[in-house]
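Under the numbering used here, think of the first position of the first sequence as 64, with each following residue one higher.
The C-beta atom is built at its ideal place from N, Cα and C for all residues, glycine as well.
Predicted, not measured: the structure shown is a model, and the values here were computed from it.
In what follows, a single structure is set out as structure tokens and then discussed.
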Amino acid sequence: MAGFVAKKLCPQLIQIPLNFNKYTSKAQEVREIIVDYDPRFESASIDEAYLNITDYCEKNNIEPAAAIEQLRREVQEKTKITISAGIAANAKLAKICSNMNKPNGQFQLPNDRTAIMSFMRDLPTRKVNGVGRVFERELDAVGVKTCGDIYACRQYLSKLFGEKAFSFLMGCYLGLGRTTVQPAEEFERKSVGTESTFGEMGDPTALRKQLRWTAEELEKDMVRTQFKGRTLCLKVKLHTFEVFTRQVIPPKSIYQADDLYNYSLPMLLKLEHEFPGMKLRLMGLRCTHLLSMKKPDTMAFFGFKTKSPTEGGDPSGSPISLKRKANGLEDENWEKYDERLFEDAERLEREDELKELETLSQELDKRRHHGKEIVPNPKKAETTEEEWWDCPVCLRPQSPSEKEFNEHMDLCLSRQTIRDVVQETAFVKDVSKILPSKKAKVERNKNKSTSNDPKQRKLFFGGHS
DNA sequence: GCGGATCAG
DNA sequence: ATGGCTGATCCGC
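Structural data, given as structure tokens:
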């Protein structure tokens with residue numbers, strides 16, 4: 064939760080400054096323990112890890128739950144911090160299970176098809192890694208609240224959300240997920256970037272200086288990570304909170320601040336031309352299509368092949384990267400669902416399908432455009448005045464239900480809501496300058512909205528026209 | 001490949 | 001008067 068929101072909700076809240084050195088060293092202590100349970104454990108972040116304890120349990124003749132109880136006790140005794148764990152047949156399920164008995168608890172989902180299916184049936188989609196605020200809402204709009212609901216409308220999911228999402232959702236319904244675990248070092252980095260937020264900045268000279276500074280920051284990270292980039296990407300956030308990115312392919316791969324600056328400056332100038340009088344609140348630079356500067360020896364140590372004889376240590380030839388797609392929406396081989404399970408879906412009447420799809424698409428569309436409509440709290444007429452809670456963001460009274468209140472704040476902080484507010488206020492002053500290019504965008508998207516593709520409609524800017 | 005958007009931590 | 005920063009992926013074009 065954003066600090067300013069928390070403070071408004073709890074004025075007595077005590078906020079403690081971050082101390083990443085502390086967290087990092089504590090994480091290291093924990094890792095030194097869990098490595099005994101799986102030498103190839105996967106750090107998912109500073110405070111999360113995936114372990115394959117199959118071997119450990121076999122070697123020590125111990126049940127998974129007992130092993131994890133022991134692990135957690137060991138961590139608590141040695142590091143004085145408590146951890147929670149999930150035990151399940153694959154990474155997706157284990158992650159969900161780890162949230163079941165927080166804090167300082169564990170939960171095991173039996174490795175049993177029926178148990179897994181019934182577990183997923185009542186599981187809200189949002190609990191699954193990969194389903195965020197937006198996707199949850201979109202699924203809700205077509206009547207999918209739990210993973211069990213997915214099967215009933217399987218026939219539309221692909222058309223509404225695309226093939227990848229369909230495959231992902233089927234995995235959710237069936238409780239499938241990856242069963243591979245590997246050290247984070249073996250993952251192939253795909254970009255290096257830096258960005259920072261600042262007070263509104265419109266002066267071209269100041270913007271150049273900011274760009275120069277950003278370039279220098281990025282150079283540090285490029286040196287630290289030992290990469291050059293073949294593509295350079297500039298990101299800006301306007302004072303309206305709209306985000307834009309522009310990229311170029313320099314004639315050579317680059318990493319030095321001078322090059323980063325010189326090749327990104329034209330993009331900045333072009334943006335200034337595109338949005339006359341633009342004011343930024345964020346600027347960022349990122350390099351993609353990386354080229355490793357590491358010694359081939361180092362790369363070989365991690366099992367990376369060298370792809371091109373001229374460019375030693377190109378990580379794109381990694382055998383690991385070929386095996387693991389690493390997008391969280393992918394499962395492989397036998398972990399995939401069986402196509403035959405869905406044969407009967409294909410027998411349905413075509414026209415009925417299309418009609419139904421159109422209805423769902425419209426429903427989805429409505430909600431995509433009108434984030435605003437849900438802002439005023441709809442229900443709970445029986446609650447009295449003083450029982451209402453004030454939203455710290457919009458200051459409007461809300462239903463005193465934790466769930467509804469949180470949902471409201473979620474929405475209140477959504478991009479659409481911010482856009483609408485900015486549209487009505489901050490924009491008025493210099494609207495004449497920025498509006499033309501914006502208008503053009505709306506026009507373009509208007510044409511698109513006649514298309515049947517729901518993903519295109521999503522691009523439509525703002526629900527106010 | 002580009003640019004917008006979503007998601008996770 | 002606003003959710004910061006880093007990195008990854010997906011989608012439509």
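(1) Taking 8 Å as the threshold (C-beta atoms), are threonine 145 and proline 127 in contact?
(2) At what residues does the alpha helix (DSSP H) containing alanine 151 begin and finish?
(3) What are the boundary residues of the alpha helix (DSSP H) that includes arginine 94?
(4) Considering only the beta carbon of each residue, do asparagine 115 and aspartate 101 sit closer than 8 Å?
(5) Just checking, does the segment 214-222 make contact with the segment 131-138 on the three C-beta pairs under 8 Å criterion?
(6) Taking just the CA atoms, how far does isoleucine 96 sit from serine 147?
(7) Between which two residues does the beta strand (DSSP E) containing histidine 352 stretch?
(8) Expressed to the nearest angstrom, what Euclidean distance is found between the alpha-carbon atoms of glycine 263 and lysine 190?
(9) Taking only the alpha-carbon atoms, compute the straight-line gap between glycine 168 and lysine 143 and give it to the nearest angstrom.
(10) Rounded to the nearest angstrom, what separates phenylalanine 192 and alanine 129 at their Cα positions?
(11) Taking only three categories from DSSP, how would you classify isoleucine 77?
(12) Along the chain, where does the alpha helix (DSSP H) that runs through alanine 178 open and close?
(13) What is the DSSP secondary structure of proline 314, reduced to helix, strand or coil?
(14) Is alanine 320 closer than 8 Å to alanine 269 when the C-beta atoms are compared?
(15) Tell me valine 194's beta-bridge partners as DSSP assigns them.
(16) Using alpha carbons as the reference points, say which of Leu348, Val311 and Glu251 lies closest to glutamate 280.
(17) In terms of residue numbering, what span does the alpha helix (DSSP H) encompassing lysine 222 cover?
(18) Measuring alpha carbon to alpha carbon, tell me which of Arg200, Gly234 and Thr87 ends up nearest alanine 540.
(19) May I have the straight-line CA-CA distance separating lysine 253 from threonine 351, to the nearest angstrom?
(20) Look up tyrosine 324 in the DSSP assignment and say whether it is helix, strand or coil.
(21) Measure the C-alpha to C-alpha separation of leucine 223 and leucine 186 and round it to an integer number of angstroms.
(22) If the criterion is Cβ atoms closer than 8 Å, does the pair leucine 41 and alanine 204 meet it?
(23) Smallest Cα separation from lysine 357: which of Ser108, Thr288, Gln75 and Glu140?
(24) What's the gap between the Cα of leucine 156 and the Cα of leucine 274?
(25) Under the assumption that glycine 211 contacts arginine 176 (Cβ atoms under 8 Å), give the Cβ distance between them as a whole number of angstroms.
(26) According to DSSP, is glutamate 126 part of a helix, a strand, or is it coil?
(27) Would you list the residues sitting across from serine 254 in a DSSP beta bridge?
(28) Could you round the C-beta distance between phenylalanine 307 and leucine 328 to whole angstroms and report it? I think they count as a contact, below 8 Å.
(29) What number of angstroms, rounded off, separates the C-alpha of glycine 366 from the C-alpha of valine 98?
(30) So the beta strand (DSSP E) threonine 288 belongs to, where does it begin and stop?
(31) To the nearest angstrom, how far is it from the Cα of proline 382 to the Cα of serine 355?
(32) Let me check understanding here. Comparing Cα to Cα, which of Pro74, Glu282 and Val244 lies closest to asparagine 325?
(33) Among residues of its own chain, excluding the 5 on either side of valine 194, which ones have a beta-carbon nearer than 6 Å to its beta-carbon?
(34) Between which two residues does the beta strand (DSSP E) containing alanine 69 stretch?
(35) Thinking just about the alpha-carbon of each residue, which of Ser316, Lys208, Tyr119 and Gly240 is nearest to the one in isoleucine 179?
(36) Could you name the residues of the same chain whose beta carbon sits closer than 6 Å to that of threonine 209, not counting the 5 residues immediately before and after it, in chain order?
Let me spell this out:
(1) Remark: C-beta atoms of proline 127 and threonine 145 do not approach each other more closely than 8 Å.
(2) No alpha helix (DSSP H) holds alanine 151; DSSP gives it neither H nor E.
(3) From DSSP, the alpha helix (DSSP H) with arginine 94 extends over 83-97.
(4) Contact annotation: asparagine 115 and aspartate 101 have beta-carbon atoms nearer than 8 Å.
(5) The segment 214-222 makes no contact with the segment 131-138; the number of CB pairs closer than 8 Å stays below 3.
(6) Serine 147 and isoleucine 96: Cα-Cα distance of roughly 15 Å.
(7) For histidine 352, the enclosing beta strand (DSSP E) covers residues 343-355.
(8) Checking the displayed sequence, the identity of residue 263 turns out to be glutamate instead of glycine. Between glutamate 263 and lysine 190, the C-alpha separation is close to 37 Å.
(9) Cα to Cα, glycine 168 sits roughly 15 Å from lysine 143.
(10) Going by the sequence as given, residue 192 is asparagine instead of phenylalanine. When the Cα atoms are used, asparagine 192 and alanine 129 turn out to be separated by approximately 26 Å.
(11) In the structure shown, the three-state DSSP call for isoleucine 77 is coil.
(12) Element bounds for alanine 178: 176-184.
(13) In the structure shown, the three-state DSSP call for proline 314 is coil.
(14) Going by C-beta atoms, alanine 269 is not nearer than 8 Å to alanine 320.
(15) According to DSSP, valine 194 bridges with nothing at all.
(16) Looking at the Cα atoms, Leu348 is the closest of the given residues.
(17) Counting along the chain, lysine 222 sits inside the alpha helix (DSSP H) bounded by residues 217-224.
(18) Residue 540 falls outside the range modelled here, since the chain spans only 64 to 528, and no answer is possible.
(19) If I take the Cα positions, the gap works out to 6 Å.
(20) Tyrosine 324 falls in the helix class under three-state DSSP.
(21) Computed Cα separation, rounded: 21 Å.
(22) Residue 41 lies beyond the range of the chain shown here (64 to 528); nothing can be said about it.
(23) Nearest C-alpha to lysine 357: Thr288.
(24) If I take the Cα positions, the gap works out to 43 Å.
(25) For glycine 211 against arginine 176, the beta-carbon gap comes to about 14 Å, at or over 8 Å, which does not count as contact.
(26) Coil at glutamate 126, not helix or strand.
(27) In the DSSP output, where bridge partners are listed per residue, serine 254 has Thr351.
(28) Contact between phenylalanine 307 and leucine 328 is ruled out by a C-beta separation of about 16 Å, above the 8 Å threshold.
(29) Per-residue confidence for glycine 366 stands at a pLDDT of 49, beneath the threshold of 50, marking its modelled position as unreliable; the derived number appears in the next sentence. If you take the alpha carbons of glycine 366 and valine 98, they lie about 20 Å apart.
(30) DSSP places threonine 288 outside any beta strand (DSSP E); the residue lies instead in the alpha helix (DSSP H), whose first and last residues are 267-288.
(31) Reliability fails at proline 382, whose pLDDT of 33 lies under 50, so the model's placement of it is uncertain and no value is given.
(32) Per the Cα distances, Glu282.
(33) Cβ neighbours of valine 194 beyond the five flanking positions: Thr188.
(34) In the DSSP assignment, alanine 69 falls outside any beta strand (DSSP E) and lies within the alpha helix (DSSP H) extending over 66-72.
(35) Sorting Ser316, Lys208, Tyr119 and Gly240 by C-alpha distance to the C-alpha of isoleucine 179 places Gly240 at the top.
(36) Taking threonine 209 as the centre and dropping the five residues before and after it, the same chain places the C-beta of Asp185, Leu186 and Pro187 closer than 6 Å to its C-beta, in chain order.
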